[in-house]
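Below is one structure; the comments refer to it alone.
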Amino acid sequence: MRALHLTADLYRCRCAAGWLSTAEPLRSALRQVAEAGGFETHGELFCTESDGPVSGVLLMRGARLDLRTAPAARGALLDLQIALDGEDEHSAAQARALMEALVARFAPEWTEQRSLDRGDEA
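Residue numbers (full-length UniProt numbering): 1 to 122.
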């Protein structure tokens with residue numbers, strides 16, 4: 001089993017303020033980005049907490065996107081985990097392109113991104 005785990009910490013996002021504090025527009029837009037990137041979506045769960053942050057999970061065939069926003073800081077945390085083998089095989093390039101498109105939607109002033117290869121060839 002092999003997988004790729006990409007993270008992006010987004011700071012001072014210049015997207016519409018509602019994106020960081022309201023679940024529905026964020027859910028809809030992230031689903032559109034994933035489907036445009038060739039990912040088949042199977043479900044999602046997004047919620048707006050009483051003090052403003054949005055937490056969400058978008059389930060895709062062979063992949064999962066988790067996020068949490070911080071409206072007061074105009075920030076967001078994204079985690080994308082994707083299978084790289086088996087029936088749900090996606091390429092690492094496709095995963096990186098999806099993360100790039102997601103980050104672009106938030107329009108952060110700066111990001112900190114990481115990549116972790118998981119599993120092995122066995």
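From the three backbone atoms N, C-alpha and C, an ideal C-beta is built for every residue, glycine too.
All values reported here derive from a predicted model rather than from experimental measurement.
> Which residue comes first and which comes last in the alpha helix (DSSP H) that contains Ala34?
Replying inline: Ala23 to Ala36
>> Is the beta carbon of Ala72 closer than 8 Å to that of Leu10?
In response: no
> With a Cβ-Cβ cutoff of 8 Å, do Phe46 and Leu26 count as a contact?
Replying inline: yes
> Which value, in whole angstroms, describes the spacing of the CA atoms of Arg74 and Ser21?
Replying inline: 9 Å
>> Once the 5 residues before and after Ala29 are set aside, which same chain residues still bring their CB inside 7 Å of it?
In response: Arg105
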